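K.L.:
Below you'll find the structure I mean.
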Amino acid sequence: MARGKKLYEGKAKVLYEGPEPGTIVQYFKDDATAFNAEKKDVIDGKGVLNNRLSEFFMLGLDQIGVPTHFLKRLNMREQLVRRCEIVPLEIIVRNFAAGSMAKRLGMEEGTKLPRPIIEYSYKDDALGDPLVPEEYIAAFGWASQHDMDDIYSIAMRVNDYLSGVMYGVGIKLIDFKIEVGRVFEGDFQRLVVADEISPDSCRLWDIETGKKLDKDVFRQDLGNLTDAYTEVAHRLGVLPKNPTPVTKPTLIN
Ligand SMILES: Nc1ncnc2c1ncn2[C@@H]1O[C@H](COP(=O)(O)OP(=O)(O)O)[C@@H](O)[C@H]1O
Ligand SMILES: [Mg+2]
Numbered sequence: 001m002a003r004g005k006k007l008y009e010g011k012a013k014v015l016y017e018g019p020e021p022g023t024i025v026q027y028f029k030d031d032a033t034a035f036n037a038e039k040k041d042v043i044d045g046k047g048v049l050n051n052r053l054s055e056f057f058m059l060g061l062d063q064i065g066v067p068t069h070f071l072k073r074l075n076m077r078e079q080l081v082r083r084c085e086i087v088p089l090e091i092i093v094r095n096f097a098a099g100s101m102a103k104r105l106g107m108e109e110g111t112k113l114p115r116p117i118i119e120y121s122y123k124d125d126a127l128g129d130p131l132v133p134e135e136y137i138a139a140f141g142w143a144s145q146h147d148m149d150d151i152y153s154i155a156m157r158v159n160d161y162l163s164g165v166m167y168g169v170g171i172k173l174i175d176f177k178i179e180v181g182r183v184f185e186g187d188f189q190r191l192v193v194a195d196e197i198s199p200d201s202c203r204l205w206d207i208e209t210g211k212k213l214d215k216d217v218f219r220q221d222l223g224n225l226t227d228a229y230t231e232v233a234h235r236l237g238v239l240p241k242n243p244t245p246v247t248k249p250t251l252i253n
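Read in order, the letters of the sequence shown are residues 1 to 253 in the UniProt record's numbering.
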């Protein structure tokens, strides 16, 4: 597919103009970053897995009526999405304490929270995506009160969907982050789930063993990140368990 000019290169993806107005081609790179890009590496195959997994989750959300930016997967590393105006927030939903929350409150990682807790950080790499109170969001005009009501209900639906899908394959959804964007349809605008949903943006623990199957494997040097993501993809049936071996062509006399 002919892609247009490069619009943006981020930490994990590159965006190109899509073939139709209002579309974007999202290219998934193999780059991994953590701690606000202080730790960096190239992880062979990560982009391919995240492209597939994000497609899987976005299609599932669409099936249950949660709108997303996803249009179609183009190839191993690229997907076509609707271009939207990204709300400059990282929307984080937590079911169990982990990461910055566990640290901030001195909680043991994995402690079950009394109910899902939503928090917002302001998307700004230079500031390290600081956590912001909801009042800042309305006061600075990052999103209206109406948007915030929509964001809350979208986030909770994504949480129920993802928790259920993961539970079904023996994985506990500890927390995740989404981004949402505005799409304009005539005089109306609505919010859709944008960016990506992948093990880069979720914390996923095996229910039996507690083994981490997400980007913490990279953050904490717990082993091979591609193996962890491949395991998630296999359990979800996103990649075949025994892929047909690629055989070399044989010469027939
Ligand atoms: N549908 C979309 N329309 C416009 N921008 C998008 C869309 N989906 C994701 N984005 C933006 O594209 C960028 C994706 O690249 P990424 O490597 O994740 O960037 P970053 O380093 O900023 O996190 C993000 O800034 C994200 O907000
Ligand atoms: Mg990103």
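Note that the Cβ used here is the ideal one computed from N, Cα and C, for glycine as well. Keep in mind the model is a prediction, meaning the values are calculated, not measured.
1. Relative to ligand 2, what is the chain-ordered list of residues with a Cβ closer than 7 Å to any of its non-hydrogen atoms?
2. Measure the alpha-carbon distance for Y167 versus V42 and round it to whole angstroms.
3. Excluding five sequence neighbours on each side, which residues of the same chain lie with their C-beta closer than 7 Å to the C-beta of K123?
4. Secondary structure at E55, three-state DSSP: helix, strand or coil?
5. With hydrogens ignored, establish whether the beta-carbon of residue 256 is closer than 8 Å to any heavy atom of ligand 1.
6. Looking at the strands, I want to know which residues DSSP matches up with Q79.
7. DSSP three-state call for E109: helix, strand or coil?
8. Could you tell me if the beta carbon of Q26 falls within a distance shorter than 8 Å of some heavy atom in ligand 1?
9. Given a threshold of 16 other Cβ atoms within 10 Å of its Cβ, counted over all protein chains shown, does G164 qualify as buried or as exposed?
10. Which term fits S198, buried or exposed, when burial requires 16 or more other beta carbons within 10 angstroms of its beta carbon?
11. For L15, which residues in the same chain have their Cβ closer than 8 Å to its Cβ, ignoring the five residues on either side in sequence?
12. Is the distance from the Cβ of N50 to the Cβ of D125 below 9 Å?
13. Going by DSSP, what residue range makes up the alpha helix (DSSP H) through residue 260?
14. Quick one: measure Cβ to Cβ for E135 and M148, integer angstroms, because I've assumed they're closer than 8 Å.
15. Going by DSSP, what residue range makes up the beta strand (DSSP E) through G181?
16. Starting from T68, follow its DSSP beta bridges and name the residues at the other end.
17. Just grab the DSSP bridge partners of L89 for me.
P.N.:
Put simply:
1. G10, K11, A12, K13, D195
2. As a first step, residue 167 is located in the sequence shown; it is residue number 167 there, counting from the start. As a first step, residue 42 is located in the sequence shown; it is residue number 42 there, counting from the start. Between Y167 and V42, the C-alpha separation is close to 30 Å.
3. Here residue 123 refers to the residue found at position 123 when the sequence shown is read from its first residue. For K123, the CB contacts under 7 Å within the same chain, skipping 5 residues up- and downstream, are P88, L89, E90, D129 in chain order.
4. Locating residue 55 in the sequence shown gives position 55, counting from the first residue. In the structure shown, E55 sits in a helix (DSSP, three-state: H, G or I).
5. The question about residue 256 has no answer, for the chain in this structure spans 1 to 253.
6. For the purposes of this step, residue 79 is taken as the residue at position 79 of the sequence shown. Per DSSP, Q26, R73.
7. Residue numbering aside, residue 109 sits at position 109 when the sequence shown is read from its first letter. Of the three classes helix, strand and coil, the one that applies to E109 here is coil, per DSSP.
8. Taking the first residue of the sequence shown as position 1, residue 26 is located at position 26. Yes, since a heavy atom of ligand 1 falls inside the 8 Å radius drawn around the Cβ of Q26.
9. Within the sequence shown, numbered from 1, the residue matching residue 164 stands at position 164. By the neighbour-count rule (16 or more Cβ atoms within 10 Å), G164 is not buried but exposed.
10. Here residue 198 is taken as the residue at index 198 of the sequence shown, counted from 1. Looking at its Cβ environment, which holds 16 or more other Cβ atoms inside 10 Å, S198 is buried.
11. Along the sequence shown, one-based indexing puts residue 15 at 15. Excluding five sequence positions before and after L15, the CB atoms of its chain that fall closer than 8 Å to its own CB belong to K6, L7, Y8, E9, I24, V25, Q26, Y27, given in chain order.
12. As a working note, residue 50 is residue 50 in the sequence shown. As a working note, residue 125 is residue 125 in the sequence shown. It is not a contact, given that the beta carbons lie outside the stated cut-off.
13. In the structure displayed, the chain extends from 1 to 253; residue 260 sits before or after that span and is not available.
14. On the sequence shown, residue 135 is found 135 positions in, with the first residue counted as 1. On the sequence shown, residue 148 is found 148 positions in, with the first residue counted as 1. Incorrect: roughly 11 Å between the Cβ atoms, too far for contact.
15. Start at 1 with the first residue of the sequence shown, and residue 181 comes out as number 181. 171-185 is the extent of the beta strand (DSSP E) around G181.
16. Counting from 1 along the sequence shown, the entry for residue 68 is found at position 68. DSSP lists V193 as partners of T68.
17. Within the sequence shown, the letter at position 89 stands for residue 89. Looking at the DSSP output, L89 shares a beta bridge with Y122.
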